[in-house]
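Engineer:
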Amino acid sequence: MAAIANSVEYSIRDRVAVLTLNAPPVNGLSQPLRSGLMSALLKARTDHDVDAVIVIGGGKMFCGGADIKEFASGEVSEPDVNAIARCMETMNKPVVAAIHGVALGGGLELALGCHMRIATSDSRIGFPEVTLGVLPGAGGTQRTPRLAGVTLALDLILSGRVIDAQKAHDFGLIDALSSGDLLDDAIALALDATRRGEPLRVAKYLPVKGAEAVEQTIAAALEKVLRRTPGAEAPRAIARCIAFAASGADFEDALVFEREEFLELMNGAQSKALRHLFFAEKGASKIPDLPGDTALRPVERVGIIGAGTMGRGIAMTFLNAGMAVTLLEIDAEALASGLEAIRKTYAASAEKGSISAAVLNQRMSLLRGSTDYADMADRDLVIEAVFENLDIKQKVCAKLGEVCRPDAIIATNTSTLNVDVIAQASGRAPDVLGMHFFSPAHIMRLLEVVRGKETAPDVLATVMALARRIGKVAVVSGVCYGFIGNRMLESYLREMDFLLMEGATPAQIDAALEGFGMAMGPCRMMDMAGIDVNARVLDEREAEGALPDDPSYRALVRKLGAIGRNGQKAGLGYYRYDGRTPIPDPQVNDIAADLAAQFGITRRNNITDDEIRDRLLLPLINEGYRILDEGIAYRDGDIDVVWAAGYGWPRLTGGPMHYAETMGLEQLRNRLQELGRQTGDRHGYFAPASLLSRRATGAA
Ligand code: 3HC
Ligand code: NAI
1 MAAIANSVEY SIRDRVAVLT LNAPPVNGLS QPLRSGLMSA LLKARTDHDV
51 DAVIVIGGGK MFCGGADIKE FASGEVSEPD VNAIARCMET MNKPVVAAIH
101 GVALGGGLEL ALGCHMRIAT SDSRIGFPEV TLGVLPGAGG TQRTPRLAGV
151 TLALDLILSG RVIDAQKAHD FGLIDALSSG DLLDDAIALA LDATRRGEPL
201 RVAKYLPVKG AEAVEQTIAA ALEKVLRRTP GAEAPRAIAR CIAFAASGAD
251 FEDALVFERE EFLELMNGAQ SKALRHLFFA EKGASKIPDL PGDTALRPVE
301 RVGIIGAGTM GRGIAMTFLN AGMAVTLLEI DAEALASGLE AIRKTYAASA
351 EKGSISAAVL NQRMSLLRGS TDYADMADRD LVIEAVFENL DIKQKVCAKL
401 GEVCRPDAII ATNTSTLNVD VIAQASGRAP DVLGMHFFSP AHIMRLLEVV
451 RGKETAPDVL ATVMALARRI GKVAVVSGVC YGFIGNRMLE SYLREMDFLL
501 MEGATPAQID AALEGFGMAM GPCRMMDMAG IDVNARVLDE REAEGALPDD
551 PSYRALVRKL GAIGRNGQKA GLGYYRYDGR TPIPDPQVND IAADLAAQFG
601 ITRRNNITDD EIRDRLLLPL INEGYRILDE GIAYRDGDID VVWAAGYGWP
651 RLTGGPMHYA ETMGLEQLRN RLQELGRQTG DRHGYFAPAS LLSRRATGAA
């Protein structure tokens with residue numbers, strides 16, 4: 001076996017050249033791999049001992065696509081994937097892609113450039129480019145509508161969704177499925193094609209399927225996507241490329257058109273932001289002082305204490321990952337209600353067709369209920385999700401400290417309490433950490449993993465690995481009030497209430513933030529989360545002396561809580577509700593005006609959307625710098641992941657810290673100071689964080 005450029009192995013079997021991509025971990029199409037593959041193809045083309053060619057991936061997968069790191073250079077060096085695909089497509093010997101694991105993005109385009117594709121039945125394919133703010137730039141927007149039709153091409157490329165091989169086969173993107181040895185089957189397929197000498201299936205010569213009424217099809221698909229992400233540039237460019245394909249344009253011209261669109265997106269701010277988040281998510285699992293080879297504790301059996309809102313969602317998270325769960329409640333009635341809620345959620349999914357009846361039964365068979373702590377004795381991990389009350393949590397954790405196996409991990413889902421204090425109560429603090437899930441826990445991707453001051457390294461490493469297994473993106477936070485996300489949220493909500501007292505309306509504030517791209521405005525968000533929950537936390541923090549010495553601090557939310565306007569569930573909050581529909585309520589403006597008079601806050605009618613955005617977002621970012629300076633978060637990217645995955649921050653801006661960099665740190669610092677002056681510098685709320693000032697002047 002010969003190695004070409006160390007990244008592609010060239011071997012011959014039964015007069016078939018087997019080109020094995022060898023660039024772990026994902027066979028990313030970096031320049032060395034591309035040039036290695038091109039050399040191997042050119043060799044196979046002229047090799048008299050070769051009648052056909054197979055391209056196959058070494059290691060875990062066929063190919064994870066373009067090497068995203070190379071995008072930062074702003075250009076794509078030769079040979080690009082287009083040139084390789086054209087080389088394969090024009091070859092006079094059959095070229096077969098043999099796919100296992102995944103073929104994604106440029107990896108799928110490579111496969112589409114081959115004459116045929118065979119895939120293992122458990123492999124998956126897709127075009128995730130749109131999630132990185134780009135489009136398939138090596139013929140994907142041109143060959144897919146030819147092989148699978150315009151509608152499917154739009155669906156796959158605009159959504160970025162990954163489909164299994166069987167579906168891809170049904171859609172015409174895969175020619176054959178392998179149930180035995182992939183390479184053997186691929187060789188048989190290639191030799192068969194050689195023997196039959198049938199015209200090779202070259203995407204270029206196929207017409208685009210579904211080209212009639214294409215304008216409406218494209219417009220409808222695009223509109224659906226832009227409703228969720230109105231400012232996104234990539235979907236628009238994808239639509240233009242597919243329209244170009246459907247226009248009957250020359251294939252070569254279409255490839256050039258697609259490439260130009262690709263390069264423009266690659267060099268744009270949106271793709272940069274989305275790539276930042278891609279790598280930040282991967283980076284968040286790496287803990288600076290934790291060796292990558294830390295031995296993990298086994299986790300198969302999970303216990304959950306409390307079957308309320310969070311306990312149910314957390315239970316489903318583990319059941320969905322195929323893990324056994326015992327759910328413990330205070331009494332039989334509360335337990336039955338928790339178990340029934342889980343069953344109903346699964347039944348509703350089965351009714352909608354998103355899971356099968358077999359899956360429903362399998363998940364429910366993994367679930368046990370209990371009211372006896374002795375049932376926690378065989379659990380590898382126990383997560384408490386009882387009421388947010390320190391005394392109760394300390395008692396629960398003390399009990400768990402006694403009954404759990406010595407090597408079991410104990411986690412708390414507290415959102416506001418001190419994890420170190422809870423850990424102490426267990427009598428075995430090294431086994432304890434925070435697992436802060438977000439509601440609904442089985443849906444939200446974010447998991448804040450709270451590292452206590454005594455948390456053992458292997459406990460932290462185990463939970464970080466487990467998070468990946470249960471489909472969460474985990475970010476480590478140190479112990480502080482609110483951890484990373486809720487601590488930053490505090491200044492956002494503070495300014496929301498101040499602006500309402502100054503004369504803005506909830507609808508105006510929500511529209512300004514949603515216009516920026518937040519998934520939901522802060523007033524609606526508070527109404528959904530429950531105003532009583534937040535008001536109670538504020539009361540407790542005040543009793544601890546943890547709030548600023550400012551009677552107007554978050555006065556509106558506390559007032560709404562005090563009069564029972566507890567949010568959506570009460571039909572009244574920052575809005576009044578018709579079902580789930582928020583309706584502006586003048587009474588809220590009256591309450592805000594009364595509070596403004598009480599605290600000497602001047603009412604104005606000149607509050608702009610820009611001011612609202614700056615007032616809410618810039619202090620939030622400022623707090624991010626404090627969190628970094630204190631070592632609560634390890635990296636800027638961790639904070640960005642928390643906000644993008646847990647709080648609906650617009651991914652297109654890369655998260656708050658990336659957004660700050662884009663805006664310029666000097667400008668951010670100056671604007672904070674200006675807002676401080678404008679608002680009378682209430683309690684130094686806008687004082688720039690030391691790290692921000694140091695970075696703005698290049699001193700850090
Ligand atoms: N480029 C560069 N690095 C990549 C990469 C890529 N396309 N895909 C993964 N990596 C890196 C990861 O950052 C990670 O690095 P690290 O170990 O230093 O943290 C390492 O490879 C392993 O990645 P995962 O932990 O994610 O490995 P998994 O086995 O869990 O998943 C995967 C593999 C499914 C391929 C997943 O990594 C993935 O989804 N990657 C992105 C795929 C993608 O978006 N491809 C499209 C690229 S754009 C394109 O192709 C443009 C083309 O049209 C021209
Ligand atoms: P909840 O009130 O819906 O549920 C708590 C459950 O715990 C109740 O069913 C109660 O019967 C049970 N319970 C209380 N004491 C118990 C005990 N000693 N033993 C067994 N069960 C007991 O509360 P929710 O919203 O589920 O919150 C639970 C925890 O999750 C809290 O710490 C909260 O701060 C945290 N959290 C809540 C979020 C939310 O959005 N609701 C988000 C993130 C964290």
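If you count by the working numbering, then the sequence shown holds residues 1 to 700, one letter each, in order.
The C-beta atom is built at its ideal place from N, Cα and C for all residues, glycine as well.
With a cut-off of 8 Å, do at least 3 Cβ pairs link the stretch 235-244 to the stretch 153-168?
Structural biologist: yes
Engineer: CB-CB under 8 Å to residue 449, same chain, minus the five flanking residues each way: which ones, in chain order?
Structural biologist: 433, 434, 435, 436, 460, 463, 464, 467, 474, 475, 476, 477
Engineer: Could you check if residue 578 is buried or exposed, using at least 16 other CB atoms within 10 Å of its CB as the buried criterion?
Structural biologist: exposed
Engineer: Say yes only if the C-beta of residue 528 is nearer than 6 Å to one or more non-hydrogen atoms of ligand 2, and no if none qualify.
Structural biologist: No, ligand 2 has no heavy atom inside 6 Å of this Cβ.
Engineer: Given this structure, state the Cα-to-Cα distance separating residue 550 from residue 531, to the nearest angstrom.
Structural biologist: 20 Å
Engineer: If distances are taken between C-alpha atoms only, which option among 375, 345, 374, 376 comes closest to residue 706?
Structural biologist: No answer is possible for residue 706: it lies beyond the span of the chain, which begins at 1 and ends at 700.
Engineer: Quick one: Cα of residue 330 to Cα of residue 267, how far?
Structural biologist: 56 Å
Engineer: Express the C-alpha separation of residue 106 and residue 702 in angstroms, rounding to a whole number.
Structural biologist: Residue numbering for the chain in the displayed model covers 1 to 700; residue 702 lies beyond these limits and cannot be assessed.
Engineer: Just to check my reading of the structure: residue 571 and residue 560 have Cβ atoms closer than 8 Å, yes? What is that Cβ distance to the nearest angstrom?
Structural biologist: Wrong, their Cβ atoms sit about 13 Å apart, outside the cutoff.
Engineer: Under 6 Å Cβ to Cβ from residue 144, same chain only, skipping five residues before and after it: list those, please.
Structural biologist: These residues qualify, in order along the chain: 153.
Engineer: Relative to ligand 3, is the shortest distance from any of its heavy atoms to the C-beta of residue 77 smaller than 6 Å?
Structural biologist: Although ligand 3 was asked about, the structure shown includes only ligand 1 and ligand 2 as ligands.
Engineer: Look at the alpha carbon of residue 620 and the alpha carbon of residue 590, and state the distance between them as a whole number of angstroms.
Structural biologist: 27 Å
Engineer: Per DSSP, what kind of secondary structure is residue 160 in: helix, strand or coil?
Structural biologist: coil
Engineer: For residue 81, report the span of its alpha helix (DSSP H) as first-last.
Structural biologist: 81-89
Engineer: Going straight from the alpha carbon of residue 374 to that of residue 403, what length do you get?
Structural biologist: 6 Å
Engineer: From 122, 654, 37, 76, pick the residue whose C-alpha is nearest to that of residue 745; which is it?
Structural biologist: Because the chain is modelled from 1 through 700, residue 745 falls outside the range shown and cannot be assessed.
Engineer: Considering only heavy atoms of ligand 1, does any lie closer than 6 Å to the CB of residue 89?
Structural biologist: Outside the cutoff, so no.
Engineer: Check residue 8 in the structure and name its three-state DSSP category.
Structural biologist: DSSP, read as helix, strand or coil, puts residue 8 in strand.
Engineer: Would you say residue 26 touches ligand 1, meaning its beta carbon is less than 6 Å from a heavy atom?
Structural biologist: yes
Engineer: Could you check what DSSP says for residue 697 in three-state terms: helix, strand or coil?
Structural biologist: coil
Engineer: Could you tell me whether the stretch 509-525 touches the stretch 623-631, where touching means 3 or more Cβ pairs closer than 8 Å?
Structural biologist: No, because fewer than three Cβ pairs between the stretch 509-525 and the stretch 623-631 fall closer than 8 Å, the two stretches do not touch.
Engineer: Could you check what DSSP says for residue 656 in three-state terms: helix, strand or coil?
Structural biologist: DSSP places residue 656 in the helix class (H, G or I) of the three-state scheme.
Engineer: For residue 276 and residue 73, I'd like the C-alpha separation in whole angstroms.
Structural biologist: Whole-angstrom Cα-Cα distance: 14 Å.
Engineer: Can you have a look at residue 51 and say buried or exposed, based on whether 16 or more other CB atoms are within 10 angstroms of its CB?
Structural biologist: buried
Engineer: For residue 221, name the three-state secondary structure that DSSP assigns.
Structural biologist: helix
Engineer: With 16 as the cutoff for other CB atoms within 10 Å, does residue 442 come out buried or exposed?
Structural biologist: That one is buried.
Engineer: With distance defined between alpha-carbon atoms, name the residue in 149, 664, 349, 129 nearest to residue 320.
Structural biologist: Checking every option, the nearest Cα to that of residue 320 belongs to 349.
Engineer: Where does the unbroken alpha helix (DSSP H) through residue 527 begin, and where does it stop?
Structural biologist: 522-529 is the span of the alpha helix (DSSP H), which, as asked, contains residue 527.
Engineer: Taking the alpha-carbon of residue 514 as reference, which of 647, 323, 592, 596 has the nearest alpha-carbon?
Structural biologist: 647
Engineer: Hey, residue 265 and residue 133: beta-carbon distance below 7 Å or not?
Structural biologist: Contact: yes.
Engineer: Does the beta-carbon distance from residue 297 to residue 458 come in below 7 Å?
Structural biologist: yes
Engineer: Which residues share a DSSP beta bridge with residue 378?
Structural biologist: According to DSSP, residue 378 bridges with nothing at all.
Engineer: Taking Cβ to Cβ, would you say residue 120 is nearer than 7 Å to residue 100?
Structural biologist: In terms of Cβ geometry, residue 120 and residue 100 form a close pair [threshold 7 Å].
Engineer: In the DSSP assignment, find the unbroken alpha helix (DSSP H) run with residue 637 in it and report its ends.
Structural biologist: 636-646
Engineer: What do you reckon, is the C-beta of residue 566 under 6 Å from a heavy atom of ligand 2?
Structural biologist: no
Engineer: Taking 6 Å as the cut-off, is the C-beta of residue 129 nearer than that to any heavy atom in ligand 1?
Structural biologist: yes
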